[in-house]
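Undergrad: Chains as they are written, first to last, in this note's numbering: chain X, 31 to 467; chain U, 31 to 467. Mind having a look at this structure? Questions to follow.
Number of protein chains: 2
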Amino acid sequence: MSQKKPRPYAADTKAANTGLDIAVSRRRFLVGGAAAAGSALAAAGVSAKVDLELLPPNVPPWSQALGVNVDQRPYGAPSKYESGVVRRSVEWLTATRESSVNFTPLHELDGIITPSGLCFERHHAGAPDIPPQAHRLMINGLVAQPLIFSMADIMRFPPQSRIYFLECAANGGMEWRGAQLSGCQYTHGMVHCVQYTGVPLKTVLNEAGLANKAKWILAEGADSAAMTRSIPIDKALDDCFIAYSMNGERLRPEQGYPLRLLVPGWEGNMWVKWLRRIEVGDQPWYHREETSKYTDLLADGRAREFTWVMDTKSVITDPSPQKPLLSRGFQVLKGLAWSGRGAIKGVDVSLDGGMNWKPARLDSPVLTKALTRFYFEWNWHGENVLLQSRAWDEFGYVQPRYADLHAARGVNSIYHNNGIQTWEIDGAGEVHNVRLN
Amino acid sequence: MSQKKPRPYAADTKAANTGLDIAVSRRRFLVGGAAAAGSALAAAGVSAKVDLELLPPNVPPWSQALGVNVDQRPYGAPSKYESGVVRRSVEWLTATRESSVNFTPLHELDGIITPSGLCFERHHAGAPDIPPQAHRLMINGLVAQPLIFSMADIMRFPPQSRIYFLECAANGGMEWRGAQLSGCQYTHGMVHCVQYTGVPLKTVLNEAGLANKAKWILAEGADSAAMTRSIPIDKALDDCFIAYSMNGERLRPEQGYPLRLLVPGWEGNMWVKWLRRIEVGDQPWYHREETSKYTDLLADGRAREFTWVMDTKSVITDPSPQKPLLSRGFQVLKGLAWSGRGAIKGVDVSLDGGMNWKPARLDSPVLTKALTRFYFEWNWHGENVLLQSRAWDEFGYVQPRYADLHAARGVNSIYHNNGIQTWEIDGAGEVHNVRLN
Numbered sequence: 031m032s033q034k035k036p037r038p039y040a041a042d043t044k045a046a047n048t049g050l051d052i053a054v055s056r057r058r059f060l061v062g063g064a065a066a067a068g069s070a071l072a073a074a075g076v077s078a079k080v081d082l083e084l085l086p087p088n089v090p091p092w093s094q095a096l097g098v099n100v101d102q103r104p105y106g107a108p109s110k111y112e113s114g115v116v117r118r119s120v121e122w123l124t125a126t127r128e129s130s131v132n133f134t135p136l137h138e139l140d141g142i143i144t145p146s147g148l149c150f151e152r153h154h155a156g157a158p159d160i161p162p163q164a165h166r167l168m169i170n171g172l173v174a175q176p177l178i179f180s181m182a183d184i185m186r187f188p189p190q191s192r193i194y195f196l197e198c199a200a201n202g203g204m205e206w207r208g209a210q211l212s213g214c215q216y217t218h219g220m221v222h223c224v225q226y227t228g229v230p231l232k233t234v235l236n237e238a239g240l241a242n243k244a245k246w247i248l249a250e251g252a253d254s255a256a257m258t259r260s261i262p263i264d265k266a267l268d269d270c271f272i273a274y275s276m277n278g279e280r281l282r283p284e285q286g287y288p289l290r291l292l293v294p295g296w297e298g299n300m301w302v303k304w305l306r307r308i309e310v311g312d313q314p315w316y317h318r319e320e321t322s323k324y325t326d327l328l329a330d331g332r333a334r335e336f337t338w339v340m341d342t343k344s345v346i347t348d349p350s351p352q353k354p355l356l357s358r359g360f361q362v363l364k365g366l367a368w369s370g371r372g373a374i375k376g377v378d379v380s381l382d383g384g385m386n387w388k389p390a391r392l393d394s395p396v397l398t399k400a401l402t403r404f405y406f407e408w409n410w411h412g413e414n415v416l417l418q419s420r421a422w423d424e425f426g427y428v429q430p431r432y433a434d435l436h437a438a439r440g441v442n443s444i445y446h447n448n449g450i451q452t453w454e455i456d457g458a459g460e461v462h463n464v465r466l467n
Numbered sequence: 031m032s033q034k035k036p037r038p039y040a041a042d043t044k045a046a047n048t049g050l051d052i053a054v055s056r057r058r059f060l061v062g063g064a065a066a067a068g069s070a071l072a073a074a075g076v077s078a079k080v081d082l083e084l085l086p087p088n089v090p091p092w093s094q095a096l097g098v099n100v101d102q103r104p105y106g107a108p109s110k111y112e113s114g115v116v117r118r119s120v121e122w123l124t125a126t127r128e129s130s131v132n133f134t135p136l137h138e139l140d141g142i143i144t145p146s147g148l149c150f151e152r153h154h155a156g157a158p159d160i161p162p163q164a165h166r167l168m169i170n171g172l173v174a175q176p177l178i179f180s181m182a183d184i185m186r187f188p189p190q191s192r193i194y195f196l197e198c199a200a201n202g203g204m205e206w207r208g209a210q211l212s213g214c215q216y217t218h219g220m221v222h223c224v225q226y227t228g229v230p231l232k233t234v235l236n237e238a239g240l241a242n243k244a245k246w247i248l249a250e251g252a253d254s255a256a257m258t259r260s261i262p263i264d265k266a267l268d269d270c271f272i273a274y275s276m277n278g279e280r281l282r283p284e285q286g287y288p289l290r291l292l293v294p295g296w297e298g299n300m301w302v303k304w305l306r307r308i309e310v311g312d313q314p315w316y317h318r319e320e321t322s323k324y325t326d327l328l329a330d331g332r333a334r335e336f337t338w339v340m341d342t343k344s345v346i347t348d349p350s351p352q353k354p355l356l357s358r359g360f361q362v363l364k365g366l367a368w369s370g371r372g373a374i375k376g377v378d379v380s381l382d383g384g385m386n387w388k389p390a391r392l393d394s395p396v397l398t399k400a401l402t403r404f405y406f407e408w409n410w411h412g413e414n415v416l417l418q419s420r421a422w423d424e425f426g427y428v429q430p431r432y433a434d435l436h437a438a439r440g441v442n443s444i445y446h447n448n449g450i451q452t453w454e455i456d457g458a459g460e461v462h463n464v465r466l467n
């Protein structure tokens with residue numbers, strides 16, 4: 031066996047070998063200007079001291095004592111060292127905290143599955159925790175036989191599981207006029223992606239028996255906002271389903287426990303939580319949440335109504351304002367892309383504000399109407415960078431620039447902002463939200 | 031709109047319409063003998079009283095009050111009504127609780143993603159919670175340059191995400207001689223399936239530079255058991271990877287935080303948690319966990335060594351001893367299948383102890399070396415049933431009967447039990463673990 035002494039994997043060998051400065055190292059073959067550690071690098075603890083006794087070949091204390099036993103965590107939780115990875119909200123955004131929103135920490139996440147405990151919340155009257163044995167789903171209106179289902183009834187129908195993203199129509203809404211919040215958690219964090227299990231909506235609709243003139247359904251929630259949305263019958267019979275599980279276990283209370291309507295690819299507000307009633311009708315109901323809200327007011331005073339589909343979009347999650355660059359040299363950029371129409375076909379990345387584009391690497395699986403993870407490998411030598419990503423879907427729809435969106439729709443609305451985001455990296459590695467075009 | 035009054039979706043209309051007995055209803059078109067509610071049905075609360083005021087068209091109290099606001103749960107948790115869905119252990123199984131196991135509640139889960147908080151735990155010295163900034167991975171032995179990586183170093187390599195099952199070699203070990211524990215949580219619950227993110231092992235091995243005569247690696251954990259396993263270099267360079275995230279967020283402490291080795295399709299004991307060292311050598315090390323443990327002692331005193339691959343297996347999770355049948359008539363059976371060699375190709379279900387078989391329905395996605403969800407729709411009229419499932423993979427390997435396994439291997443070993451499980455359903459709907467063949 032080799033007798034060579036292991037050395038820390040670091041460009042700055044002198045510093046690393048002292049064991050006193052534990053550098054976030056550059057890849058050896060990319061070593062260049064080893065100078066200039068700016069404020070982001072310092073803030074990120076690059077110079078943090080680590081006790082020599084903890085490092086190999088020494089045996090650290092946690093390797094010398096028994097750990098936590100199997101009775102202590104019937105239901106697990108993240109490490110105490112990950113306590114900063116949480117949903118966060120913006121105080122000034124809404125008048126009350128019950129009718130408000132918190133945001134998924136996209137910058138801290140990997141893969142395409144969002145942990146259930148980190149899926150953003152948007153409530154209009156807070157989240158109830160409904161006893162499932164007392165919950166009912168009523169189907170009425172233009173049906174042969176109005177019915178009331180218990181949860182046990184619903185769980186006896188043939189189930190299916192699907193992985194879908196869910197995005198709030200107002201995701202990025204604060205950016206529409208250029209708020210430039212500091213972090214993709216706030217600019218893009220009203221999206222998540224989980225594996226749901228439930229029953230096709232058409233199964234329960236057919237059980238009640240749709241009348242010939244049935245053209246719309248109205249979905250109603252059991253929260254005290256009684257959230258209601260009109261949905262055309264074609265979509266209801268296509269890929270909508272009513273879910274009781276997410277990521278393998280029952281829905282979380284704040285995600286609609288015990289029953290939620292899924293409307294794949296369409297705005298999250300239509301995915302009615304705590305689903306208690308479906309009325310079948312021959313025209314839309316024009317309720318509050320599809321008239322005064324969730325329509326897009328244009329510059330000329332007209333409004334785009336029923337803007338259901340979430341258009342193709344992407345965001346670079348790392349680096350981003352909450353994830354500064356910690357060193358120069360080789361970098362792996364991470365991001366997410368999604369399309370409410372179907373599967374993502376490709377993502378391009380620009381380092382110069384959209385003048386030149388290079389293809390990103392898509393990780394598997396690439397699923398229809400689900401988040402898609404992309405990566406881009408590059409080198410940074412301390413120069414200013416204007417980072418952008420641009421996704422397109424299987425139907426050829428390409429994510430637009432803000433300038434294009436504003437030209438088409440004005441700046442009155444806060445919904446359906448799928449514009450290309452720009453992050454500016456400064457010489458210290460800090461990342462800023464800037465509006466370029 | 032229809033003026034018909036909604037009616038409860040129940041076969042026993044008289045009972046349902048009183049609103050006093052909330053039956054777990056049969057599908058209307060399958061109504062037959064409405065008699066005979068046995069002990070399982072009663073125990074499951076079929077006759078539980080629900081307050082009339084909670085039911086439609088009345089508006090329940092949770093629809094009349096504000097719910098929990100978005101500041102209250104930075105990191106979410108399941109509903110209080112799901113408090114029974116937890117990992118559980120068996121007191122008598124091990125001498126200490128630190129070197130022990132708890133089990134995934136498979137009977138309560140849907141889809142193929144196991145929630146991180148419910149993934150079974152198996153430790154040999156308890157689970158440490160290691161500060162990630164002090165954790166190191168050392169690579170030594172037959173390499174050009176021994177190296178020590180920080181977690182920041184590892185996170186700078188190009189990542190990938192994959193969905194894989196992980197099964198303990200001893201899963202079902204207590205059943206090998208016929209313990210017949212009551213519930214698939216205990217008989218099959220040492221398996222889970224998550225989306226991991228990390229770096230291919232070959233990337234870091236190549237960074238250190240493999241010597242020509244490198245044939246094996248030794249993976250070592252930082253727990254106080256210093257778990258070590260030998261792995262052939264071909265597997266190490268094939269699909270092994272070192273993961274820092276599971277289901278989108280960092281690994282849980284009990285699953286190896288901050289770094290775990292993944293050995294897709296191979297026994298879970300090799301997926302070394304809290305990975306601190308990889309030694310490269312030209313022969314296996316024959317450490318404790320691959321000699322006195324994790325080998326299969328045969329009837330003639332010889333042992334099968336290095337039985338790495340987890341053979342094709344399946345289990346019916348509902349109905350099962352913890353999930354009795356609650357009513358007669360139409361039933362949806364749920365189960366899981368997996369193969370350490372690749373993708374599941376099919377699953378058959380028998381109602382008569384293996385005399386006749388019918389194909390189950392596989393749900394998407396069907397991924398290589400991942401759990402696959404299957405369903406089977408059938409009718410139950412109160413007769414005794416001997417339920418079995420039998421999976422096969424893309425290479426034609428068919429899950430064997432216990433009798434076949436015992437004939438080939440005797441009964442000394444507790445490892446690699448992938449025999450066909452039999453559940454007996456009695457006239458009351460209760461489900462029993464029985465050994466048939």
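Just so it is clear, CB atoms sit at the ideal spot from N, CA and C, and this is done for glycine as well.
Who are Asp423 (chain X)'s beta bridge partners in DSSP?
TA: Against the first sequence, residue 423 (chain X) aligns to sequence position 393. X:Ile374.
Undergrad: Return helix, strand or coil for Glu354 (chain U), following the three-state DSSP convention.
TA: Counting from one through the second sequence, the residue named residue 354 (chain U) turns up at place 324. The sequence given here places Pro at residue 354 (chain U); Glu does not occur at that position. In the structure shown, Pro354 (chain U) sits in coil (DSSP, three-state: anything other than H, G, I, E or B).
Undergrad: Just verifying my parser: in three-state terms, what is the DSSP assignment at Asn236 (chain U)?
TA: Working through the second sequence from its first residue, we reach residue 236 (chain U) at position 206. Correct three-state label for Asn236 (chain U): helix.
Undergrad: Enumerate, from N- to C-terminal direction, the unbroken beta strand (DSSP E) stretches of 3 or more residues contained entirely within the segment 201-260 of chain U.
TA: Taking only runs of at least 3 residues, the beta strand (DSSP E) segments lying wholly in the segment 201-260 of chain U are 221-230 and 246-251.
Undergrad: Could you check what DSSP says for Tyr111 (chain U) in three-state terms: helix, strand or coil?
TA: Start at 1 with the first residue of the second sequence, and residue 111 (chain U) comes out as number 81. In this structure, Tyr111 (chain U) counts as helix in the three-state DSSP scheme.
Undergrad: For Leu172 (chain X), which option in X:Asn448, X:Asn88 and X:Asn236 has the closest C-alpha, if you only look at C-alpha atoms?
TA: On the first sequence, position 142 is the one that residue 172 (chain X) refers to. The shortest C-alpha separation from Leu172 (chain X) is found at X:Asn236.
Undergrad: Taking the straight line between their C-alpha atoms, what separation do you get for Glu138 (chain X) and Leu392 (chain X)?
TA: Your numbering for residue 138 (chain X) matches position 108 in the first sequence. Your numbering for residue 392 (chain X) matches position 362 in the first sequence. The alpha-carbon atoms of Glu138 (chain X) and Leu392 (chain X) are separated by roughly 18 Å.
Undergrad: Under the rule that 16 or more other beta-carbon atoms within 10 Å means buried, what is Tyr316 (chain U), buried or exposed?
TA: Looking up residue 316 (chain U) in the second sequence gives position 286. Exposed, because fewer than 16 other Cβ atoms sit within 10 Å of the Cβ of Tyr316 (chain U).
Undergrad: Rounded to the nearest angstrom, what separates Ser443 (chain U) and Asp434 (chain U) at their Cα positions?
TA: In the second sequence, residue 443 (chain U) corresponds to position 413, counting from 1. In the second sequence, residue 434 (chain U) corresponds to position 404, counting from 1. Near 14 Å, if we compare the C-alpha coordinates of Asp434 (chain U) and Ser443 (chain U).
Undergrad: Whole angstroms is fine: what's the gap from Leu466 (chain U)'s alpha carbon to Ile374 (chain U)'s?
TA: Reading the second sequence from its first residue, position 436 is the one you call residue 466 (chain U). Reading the second sequence from its first residue, position 344 is the one you call residue 374 (chain U). C-alpha separation (whole angstroms): 24 Å.
Undergrad: Note down the Cα distance separating Val428 (chain X) from Ser350 (chain X), rounded to an integer number of angstroms.
TA: Start at 1 with the first residue of the first sequence, and residue 428 (chain X) comes out as number 398. Start at 1 with the first residue of the first sequence, and residue 350 (chain X) comes out as number 320. Going from the Cα of Val428 (chain X) to the Cα of Ser350 (chain X) covers about 22 Å.
Undergrad: Whole angstroms are fine: how far does the CA of Lys343 (chain X) sit from the CA of Cys214 (chain X)?
TA: In the first sequence, counting from the first residue as 1, residue 214 (chain X) sits at position 184. In the first sequence, counting from the first residue as 1, residue 343 (chain X) sits at position 313. Rounded to whole angstroms, Cys214 (chain X) to Lys343 (chain X) spans 13 Å at the Cα level.
Undergrad: Consider the Cβ of Val26 (chain X): report whether some Cβ of chain U lies at a distance smaller than 9 Å.
TA: Beyond the ends of chain X as shown, which are 31 and 467, falls residue 26 (chain X); an answer cannot be given.
Undergrad: Can you tell me which of the three DSSP states Ala155 (chain U) falls into?
TA: Looking up residue 155 (chain U) in the second sequence gives position 125. Here Ala155 (chain U) sits in coil by DSSP.
Undergrad: Buried or exposed: where does Gly449 (chain U) fall if 16 or more other Cβ atoms within 10 Å of its Cβ makes it buried?
TA: By one-based count along the second sequence, residue 449 (chain U) stands at place 419. With 16 or more other Cβ atoms within 10 Å, it is buried.
Undergrad: Looking at the secondary structure, which residues open and close the beta strand (DSSP E) in which Ala182 (chain U) lies?
TA: Here the question's residue 182 (chain U) lines up with position 152 in the second sequence. Taken as a continuous stretch (DSSP letters only), Ala182 (chain U) belongs to no beta strand (DSSP E), being part of the alpha helix (DSSP H) at Met181 to Ile184.
Undergrad: Check Tyr276 (chain U) in the structure and name its three-state DSSP category.
TA: Locating residue 276 (chain U) in the second sequence gives position 246, where the first residue counts as 1. Residue 276 (chain U) is actually Met in this sequence, not Tyr. Met276 (chain U) falls in the strand class under three-state DSSP.
Undergrad: Gly106 (chain X) and Glu284 (chain U) look like a contact to me (Cβ under 8 Å); what is the Cβ gap, rounded to whole Å?
TA: Working through the first sequence from its first residue, we reach residue 106 (chain X) at position 76. Working through the second sequence from its first residue, we reach residue 284 (chain U) at position 254. That belief holds up - the Cβ atoms of Gly106 (chain X) and Glu284 (chain U) are roughly 6 Å apart, short of 8 Å.
Undergrad: Express the C-alpha separation of Thr227 (chain X) and Gly278 (chain X) in angstroms, rounding to a whole number.
TA: Along the first sequence, one-based indexing puts residue 278 (chain X) at 248. Along the first sequence, one-based indexing puts residue 227 (chain X) at 197. About 8 Å.
Undergrad: Buried or exposed for Pro176 (chain X), going by 16 or more other Cβ atoms inside 10 Å?
TA: The residue you call residue 176 (chain X) lines up with position 146 of the first sequence. So Pro176 (chain X) ends up on the buried side.
Undergrad: How would you label Gly378 (chain U), buried or exposed, when you count the other beta carbons within 10 angstroms and need 16 or more for buried?
TA: As a working note, residue 378 (chain U) is residue 348 in the second sequence. Contrary to the premise, residue 378 (chain U) reads as Asp rather than Gly in this sequence. Burial call: buried.
Undergrad: Which residues in chain U have a C-beta closer than 8 Å to the C-beta of Arg403 (chain X)? List them in chain order.
TA: Residue numbering aside, residue 403 (chain X) sits at position 373 when the first sequence is read from its first letter. Ordered by position in chain U, the residues that pass the 8 Å Cβ test against Arg403 (chain X) are Ser191.
Undergrad: Residue range of the alpha helix (DSSP H) that Asp348 (chain U) falls in?
TA: Residue mapping note: residue 348 (chain U) aligns to position 318 of the second sequence, counting from 1. No alpha helix (DSSP H) contains Asp348 (chain U), which is instead part of the beta strand (DSSP E) from Lys343 to Asp348.
Undergrad: Can you tell me the Cα-Cα spacing of Asp474 (chain X) and Glu112 (chain X), whole angstroms?
TA: No answer is possible for residue 474 (chain X): it lies beyond the span of chain X, which begins at 31 and ends at 467.
Undergrad: Does the structure place the segment 327-338 of chain U close enough to the segment 414-432 of chain U that three or more beta carbon pairs sit under 8 Å?
TA: No, the segment 414-432 of chain U is not in contact with the segment 327-338 of chain U.
Undergrad: Under three-state DSSP, which class holds Lys34 (chain X)?
TA: Looking up residue 34 (chain X) in the first sequence gives position 4. Correct three-state label for Lys34 (chain X): coil.
Undergrad: With the cut-off set at 9 Å, would you say Leu281 (chain U) and Ile261 (chain U) are in Cβ contact?
TA: Position 251 of the second sequence, counted from the start, is the residue given in the question as residue 281 (chain U). Position 231 of the second sequence, counted from the start, is the residue given in the question as residue 261 (chain U). No, the pair does not count as a contact, with Cβ atoms beyond the cut-off.
Undergrad: Using 9 Å as the limit for Cβ to Cβ distance, is Leu85 (chain U) near chain X?
TA: Reading the second sequence from its first residue, position 55 is the one you call residue 85 (chain U). It does: the Cβ of Leu85 (chain U) has a partner Cβ on chain X nearer than 9 Å.
Undergrad: Kindly list, in the order they appear in chain X, the residues whose Cβ is closer than 8 Å to that of Ser360 (chain U).
TA: As a first step, residue 360 (chain U) is located in the second sequence; it is residue number 330 there, counting from the start. For clarity, residue 360 (chain U) is Phe in the given sequence; the question names Ser instead. Those within 8 Å of Phe360 (chain U) in chain X are Arg186.
Undergrad: Would Asp51 (chain X) count as contacting chain U if we go by Cβ distances under 9 Å?
TA: Position 21 of the first sequence, counted from the start, is the residue given in the question as residue 51 (chain X). Its pLDDT being 30, under 50, Asp51 (chain X) is placed unreliably by the model, and the measurement read from it follows with that caveat. Closer than 9 Å: no.
Undergrad: My assumption, with CB atoms under 8 Å, is that Pro135 (chain U) sits in contact with Val116 (chain U). Please give the rounded CB distance.
TA: Along the second sequence, read from residue 1 onward, the residue named residue 135 (chain U) stands at position 105. Along the second sequence, read from residue 1 onward, the residue named residue 116 (chain U) stands at position 86. Correct: roughly 7 Å between the Cβ atoms.
Undergrad: What are the partner residues of Asp326 (chain U), as DSSP defines its beta bridges?
TA: What you label residue 326 (chain U) is simply residue 296 of the second sequence in a count that begins at 1. Answer is U:Arg334.
Undergrad: Using a Cβ cut-off of 8 Å, pull out every chain U residue sitting near Thr227 (chain X), in sequence order please.
TA: Along the first sequence, one-based indexing puts residue 227 (chain X) at 197. Chain U residues near Thr227 (chain X): Asp140 and Gly141.
Undergrad: Counting C-beta neighbours from all protein chains within 10 Å, is the total for Thr217 (chain U) 16 or more, i.e. buried, or is it exposed?
TA: What you label residue 217 (chain U) is simply residue 187 of the second sequence in a count that begins at 1. Looking at its Cβ environment, which holds 16 or more other Cβ atoms inside 10 Å, Thr217 (chain U) is buried.
Undergrad: With a cut-off of 9 Å, does the C-beta of Gln94 (chain X) fall near any C-beta of chain U?
TA: Residue 94 (chain X) sits at position 64 when you count from the first residue of the first sequence. With 9 Å as the cut-off, Gln94 (chain X) counts as an interface residue toward chain U.
Undergrad: When the Cα of Cys149 (chain U) is compared with those of U:Lys34, U:Cys223, U:Trp246 and U:Arg403, which residue comes out closest?
TA: As a first step, residue 149 (chain U) is located in the second sequence; it is residue number 119 there, counting from the start. Per the Cα distances, U:Cys223.
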